[in-house]
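Q: Attaching a single structure in structure tokens format; questions to follow.
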Amino acid sequence: MERILRYLEKEMVKSNIVIAAQKEKEVVPCPRDVLELEFTFEKLEQELREINRNHDALRQNLVELMDMDSLLRMTEDFFEEAESLLSCSEPPSEDSMCMTVTSRINSRRNSSVSTGGLLHLGFIAGVIKQERFPAFEKVLWRLFHGNFVLRHAEIQATEELQAKRGPAKKDVFIIFVQGDHVREKIRKVCDGFHASLYSCPNTMHERKEMSSNIVLRMEDLRMILRRTEEYRAGALIKAADHIYEWNSKVKKMKAIYYTLNLCNIDITQKLIVAEIWCPVSDLTLVQNALIKGSEQSGSSVTPVLNRIQTQQIPPTFNRTNSFTEGFQTIIDAYGVGTYQEINPAPYTTVTFPFLFAVMFGDCGHGLVMTLLAVWIITQAECFRKCKNELTDVLVGGRYIILLMGLFSIYTGLIYNDCFSKSFNIFGSSWFVRPMFQPHGPWHNETLHTCDHLQLDPVVPGVYSGDPYVFGIDPVWNIASNKLTFLNSFKMKMSVILGVSHMLFGVILSLVNYVYFRNFQDILIEFVPRLIFMLSLFGYLVFLILYKWCITVRSDVAPSILLLFINMMLFDYQSHQYYLYKGQKAVQIFLVVTAVLMVPVLLLVKPLLIYRTQMKTKQQVGMCDVFVYQAIHTIEFCLGCISNTASYLRLWALSLAHAELSEVLWRMVLQVGLRFSSGMGSPLTLALLFAAFGILTVAVLLVMEGLSAFLHALRLHWVEFQNKFYEGSGHKFTPLSFDRLLKTHEE
765 MERILRYLEK
775 EMVKSNIVIA
785 AQKEKEVVPC
795 PRDVLELEFT
805 FEKLEQELRE
815 INRNHDALRQ
825 NLVELMDMDS
835 LLRMTEDFFE
845 EAESLLSCSE
855 PPSEDSMCMT
865 VTSRINSRRN
875 SSVSTGGLLH
885 LGFIAGVIKQ
895 ERFPAFEKVL
905 WRLFHGNFVL
915 RHAEIQATEE
925 LQAKRGPAKK
935 DVFIIFVQGD
945 HVREKIRKVC
955 DGFHASLYSC
965 PNTMHERKEM
975 SSNIVLRMED
985 LRMILRRTEE
995 YRAGALIKAA
1005 DHIYEWNSKV
1015 KKMKAIYYTL
1025 NLCNIDITQK
1035 LIVAEIWCPV
1045 SDLTLVQNAL
1055 IKGSEQSGSS
1065 VTPVLNRIQT
1075 QQIPPTFNRT
1085 NSFTEGFQTI
1095 IDAYGVGTYQ
1105 EINPAPYTTV
1115 TFPFLFAVMF
1125 GDCGHGLVMT
1135 LLAVWIITQA
1145 ECFRKCKNEL
1155 TDVLVGGRYI
1165 ILLMGLFSIY
1175 TGLIYNDCFS
1185 KSFNIFGSSW
1195 FVRPMFQPHG
1205 PWHNETLHTC
1215 DHLQLDPVVP
1225 GVYSGDPYVF
1235 GIDPVWNIAS
1245 NKLTFLNSFK
1255 MKMSVILGVS
1265 HMLFGVILSL
1275 VNYVYFRNFQ
1285 DILIEFVPRL
1295 IFMLSLFGYL
1305 VFLILYKWCI
1315 TVRSDVAPSI
1325 LLLFINMMLF
1335 DYQSHQYYLY
1345 KGQKAVQIFL
1355 VVTAVLMVPV
1365 LLLVKPLLIY
1375 RTQMKTKQQV
1385 GMCDVFVYQA
1395 IHTIEFCLGC
1405 ISNTASYLRL
1415 WALSLAHAEL
1425 SEVLWRMVLQ
1435 VGLRFSSGMG
1445 SPLTLALLFA
1455 AFGILTVAVL
1465 LVMEGLSAFL
1475 HALRLHWVEF
1485 QNKFYEGSGH
1495 KFTPLSFDRL
1505 LKTHEE
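Take any residue in the sequence shown, note its place counting from 1, add 764, and you have its number in our numbering.
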């Protein structure tokens, strides 16, 4: 039945017939609907195929009649010229014999082929495709060596003829020869070149009478074809009103029978036994649905639902809604979670748009993205009707785009960045006036002689002592060392966010251990991993935060990166500056502790497995166990270093986005704002503003947004989820008519 439906849809598309949309939700089809639909489809298919066969035959007859009509109208000049040539005593030359007639002669003489002269004239007339004619002419010349007269002309195709016959061009030809034997040979050559031969009368009167009959027959065929097409269109229009309903029923019945084929028949051959997966919370709904279906079908047997024990691993089912569906799709793209494994999707709902916003921090661009997401949400139904890949992605991720825009507004306010400009809402915490004499070292000549001036927070009144209320102080927007400050700030912020994100992933692995009651793995895997990360990278975060909280002179302040490197190398020099007392002892203790966790991760679990196998006398390859554990240990320890470095993409993309935004402002829009006079300034400003808008959307929103999205996706898949998420399960795919029809529409 699906084949017949595809055939019907193909015929409707060919006839430009619009398929009616679904008007109301279809109910589940009954078993008797199969026979009714099958009878209806077969009858409709047989009728359409018969109509198409008759239509093709009638159209072919019409084309042949049109070719014959063209032949009769265009061969009068051929007869006159051939008669004059063949009546001459001088043998014709090759050029005269094969002369091509490209146009008809305007005046005609009333003459016929001479049948009583010196030469007895015979002819063969027909139609051949234009691309075959040169080869056809050469074969005739080689066979008969010029003992014939060949004339041909192109049939001038009308719109009707092109519609019926197609774009192929054809030529009318007529061959005048002597002798029946030669004519038979020419007929065989014509058959070889698939030329259509037509009988043509000898006299002009008979040809005119034949032409009149052909015209009448063509009119009759046109009328019959028109009636046939109208009848065919009526049948298809009638079927188009039900095609969506038929498609829906066929898909549902096919799914039902496929599901029934998975069931078993009991010994009495009267009952169906089905073993299914079902969420525990939906058992009551399933029971009620079975009872309702049994009542509607008139069954006298009450369905029985029992929970059975099985050793098979159940499929994974995560209940979602329109808001969480997009985030769950991101997780499932990495891998469907193992049964009852903790699902990262709820946490990804927050962390994914936030990490995106860290790289895309601009409240202006975030506002544009938010408005775009709101528009997609309100127009979701219209987008679904478009049925293309781009709109499906936008509709499916509309709430992801919304959260990314909102979080970008938040981080943009923290960066105090809106289209590369800063807000001064609460007033800066830095003041320039106290830097002038008598309180400070500056005077009026200082402003003229120095290109760069530096505010000194030691001078009273320069710094208020209270930081900016929210976000970065707007004074940094005009500072010459703005990039240096933001570079240090965002790099350290990336390390803090990255280590926190990874530690959160390690803590989530504890939830899996507790739920599956793997208390042994808590002691030999979770605790050593947590200690290893906290001893090294947790301490790195502590150094960053501690340095921010204390006051240190810039000329003696140590580099956090050098401190961490020297800590790992046990390089402690006497002149090295320490942030706090006892720093050397603490760092040595932390490094030694982290190093001791490596053999714990590497050896303890395999040795415990070996001890268990010795007690139970099982034979298992310990080499495989040691290799497997070594791989996981190396992956975790080295991964902590590489993953922490990977989070520096937050710093790199954030700086890149800010610099691109500033470059776009300075090189495009700021140029237009400088034109403050002249007749062309409004037009120039409008054009530059349009260019600024187009570049902002194309480069900063689309390209940079897509780049930040992919990097945030990688941070979750590789750096975060590998700490606790296996993703080796299989998805729960129940029988769902809505999902089935949605997949069919796509």
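Beta carbons are placed, not taken as given, at the ideal position from N, Cα and C, and that holds for glycine.
Here the structure is a predicted model, which means the values were calculated and not measured.
1. Would you mind stating whether F887 and H916 have Cβ atoms separated by less than 8 Å?
2. Do you know how far the Cα of C964 is from the Cα of M838?
3. Just to confirm, are D1251 and L1424 a CB contact at a threshold of 8 Å?
4. Classify T1497: buried if its beta carbon has 16 or more other beta carbons within 10 angstroms, exposed otherwise.
5. If W1041 and P1067 are in contact, beta carbons under 8 Å, what's the gap, nearest whole angstrom?
6. Measuring alpha carbon to alpha carbon, tell me which residue in L985, Q1075, L1464 is nearest G706.
7. Give the straight-line distance between the Cα atoms of E1145 and L1504, rounded to the nearest whole angstrom.
8. Which residues bound the beta strand (DSSP E) around R915?
9. I'd like the span of the beta strand (DSSP E) that includes D935, first residue to last.
10. Rounded to a whole number of angstroms, what is the C-alpha to C-alpha distance between I815 and I919?
11. Please report the distance separating the alpha-carbon of L1035 from that of I1029.
12. By Cβ distance, which residues of its chain are closer than 6 Å to P1205, with the 5 residues on each side in sequence left out?
13. By DSSP, does G890 sit in helix, in strand, or in coil?
14. Counting along the chain, where does the beta strand (DSSP E) carrying Y962 start and finish?
15. Inspect the CB distances between the segment 1374-1384 and the segment 1220-1228 and report whether three or more fall short of 8 Å.
16. Give every residue of the same chain whose Cβ lies closer than 6 Å to the Cβ of A1038, excluding the five residues on either side of it in the sequence, and list them in chain order.
17. What does the Cβ neighbour count give for N1208, buried or exposed, with the cut at 16 atoms within 10 Å?
18. What residues are listed by DSSP as bridge partners for I1029?
19. Count the other C-beta atoms from every protein chain shown that fall within 10 angstroms of the C-beta of M1431, then say buried if there are 16 or more, exposed otherwise.
20. Check whether the segment 1401-1410 touches the segment 1292-1302, taking contact to mean three or more Cβ pairs, one atom from each stretch, closer than 8 Å.
21. What would DSSP say about Y1227, mapped onto helix, strand or coil?
22. Assign Q810 to one of two classes, buried (16 or more other C-beta atoms within 10 Å of its C-beta) or exposed (fewer than that).
23. Inspect the beta-carbon positions of M1168 and A1243 and report whether they are closer than 8 Å.
24. I'd like to know if the segment 1312-1328 and the segment 1341-1348 are in contact, where contact means that at least 3 CB-CB pairs between them fall below 8 Å.
25. Which value, in whole angstroms, describes the spacing of the CA atoms of A1097 and F1171?
26. Does DSSP classify T992 as helix, strand or coil?
27. Kindly provide the ranges of any beta strand (DSSP E) runs that are 3 or more residues long and lie completely inside the segment 801-827, ordered along the chain.
28. Considering only their Cβ atoms, is the gap separating T992 from L1158 smaller than 8 Å?
29. Could you say which of N1070, E895, Q1104, S1193 lies nearest to F1081 if we only look at CA atoms?
30. For the segment 1182-1198 against the segment 1138-1152, do three or more pairs of beta-carbon atoms, one drawn from each stretch, fall closer than 8 Å, so that the two count as touching?
31. Roughly how far, in whole angstroms, is the beta-carbon of A1137 from the beta-carbon of I1165, given that I think they are within contact range, below 8 Å?
32. According to DSSP, simplified to helix, strand and coil, what is F1200?
33. Between the C-alpha atoms of F1501 and A1019, what's the straight-line distance to the nearest angstrom?
34. Can you tell me whether W1139 is buried or exposed, with buried defined as 16 or more other CB within 10 angstroms of its CB?
35. For S712, count neighbouring Cβ atoms within 10 angstroms of its own Cβ and tell me buried if that reaches 16, exposed if not.
36. Taking only beta-carbon positions, decide if E1468 is within less than 8 Å of chain C.
A: By the coordinates alone:
1. To locate residue 887, count along the sequence shown from 1; it is residue 123. To locate residue 916, count along the sequence shown from 1; it is residue 152. No, Cβ-Cβ distance for F887 and H916 is not below 8 Å.
2. Translated into positions along the sequence shown, residue 838 becomes position 74. Translated into positions along the sequence shown, residue 964 becomes position 200. Going from the Cα of M838 to the Cα of C964 covers about 12 Å.
3. On the sequence shown, residue 1251 is found 487 positions in, with the first residue counted as 1. On the sequence shown, residue 1424 is found 660 positions in, with the first residue counted as 1. Note on residue identity: the sequence assigns Asn, not Asp, to residue 1251. It is not a contact, given that the beta carbons lie outside the stated cut-off.
4. Counted from its first residue, the sequence shown places residue 1497 at position 733. Exposed: under 16 other Cβ atoms inside 10 Å.
5. Mapped onto the sequence shown, residue 1041 falls at position 277. Mapped onto the sequence shown, residue 1067 falls at position 303. Not a contact, Cβ separation roughly 17 Å.
6. Because the chain is modelled from 765 through 1510, residue 706 falls outside the range shown and cannot be assessed.
7. Here residue 1145 corresponds to residue number 381 of the sequence shown, with the count starting at 1. Here residue 1504 corresponds to residue number 740 of the sequence shown, with the count starting at 1. Whole-angstrom Cα-Cα distance: 18 Å.
8. Counting from 1 along the sequence shown, the entry for residue 915 is found at position 151. Its beta strand (DSSP E) spans residues 913-918.
9. Position 171 of the sequence shown, counted from the first residue, corresponds to residue 935. Looking at the DSSP string, the run of the beta strand (DSSP E) that includes D935 is 934-941.
10. Taking the first residue of the sequence shown as 1, we reach residue 815 at position 51. Taking the first residue of the sequence shown as 1, we reach residue 919 at position 155. Their Cα atoms are separated by approximately 30 Å.
11. Your numbering for residue 1035 matches position 271 in the sequence shown. Your numbering for residue 1029 matches position 265 in the sequence shown. Computed Cα separation, rounded: 6 Å.
12. For the purposes of this step, residue 1205 is taken as residue 441 along the sequence shown, with counting starting at 1. Correct list: empty, nothing qualifies.
13. In the sequence shown, residue 890 corresponds to position 126, counting from 1. Looking at G890 - three-state DSSP - the assignment turns out to be strand.
14. As a first step, residue 962 must be located in the sequence shown, where it is residue number 198. Here the beta strand (DSSP E) through Y962 covers 960-962.
15. no
16. Numbered from 1 along the sequence shown, position 274 holds the residue referred to as residue 1038. Within the same chain, A1038 has close Cβ partners C1027.
17. Locating residue 1208 in the sequence shown gives position 444, where the first residue counts as 1. By the 10 Å Cβ count, N1208 comes out exposed.
18. The count along the sequence shown starts at 1 and reaches residue 1029 at position 265. Looking at the DSSP assignment, I1029 forms a beta bridge with I1036.
19. The residue you call residue 1431 lines up with position 667 of the sequence shown. Classification for M1431: exposed.
20. yes
21. Here the question's residue 1227 lines up with position 463 in the sequence shown. Three-state DSSP puts Y1227 in a strand.
22. To locate residue 810, count along the sequence shown from 1; it is residue 46. Exposed, because fewer than 16 other Cβ atoms sit within 10 Å of the Cβ of Q810.
23. Looking up residue 1168 in the sequence shown gives position 404. Looking up residue 1243 in the sequence shown gives position 479. No, these two residues do not count as a Cβ contact at 8 Å.
24. yes
25. As a working note, residue 1097 is residue 333 in the sequence shown. As a working note, residue 1171 is residue 407 in the sequence shown. Answer to the nearest angstrom: the Cα atoms are 23 Å apart.
26. In the sequence shown, the residue the question calls residue 992 occupies position 228. Correct three-state label for T992: helix.
27. none
28. The residue given as residue 1158 occupies position 394 in the sequence shown. The residue given as residue 992 occupies position 228 in the sequence shown. No, these two residues do not count as a Cβ contact at 8 Å.
29. Working through the sequence shown from its first residue, we reach residue 1081 at position 317. If we check each option's Cα against that of F1081, Q1104 comes out closest.
30. no
31. Position 373 of the sequence shown, counted from the first residue, corresponds to residue 1137. Position 401 of the sequence shown, counted from the first residue, corresponds to residue 1165. Their Cβ separation, rounded to whole angstroms, is 4 Å, which keeps A1137 and I1165 in contact under 8 Å.
32. Position 436 of the sequence shown, counting from 1, holds the residue named residue 1200. If DSSP states are grouped into helix, strand and coil, F1200 belongs with the strands.
33. Reading the sequence shown from its first residue, position 737 is the one you call residue 1501. Reading the sequence shown from its first residue, position 255 is the one you call residue 1019. Rounded to whole angstroms, F1501 to A1019 spans 8 Å at the Cα level.
34. Residue 1139 sits at position 375 when you count from the first residue of the sequence shown. Exposed.
35. It is not possible to answer for residue 712, since the shown part of the chain is limited to 765 through 1510.
36. Among the chains in the structure shown there is no chain C, since it carries only a single protein chain.
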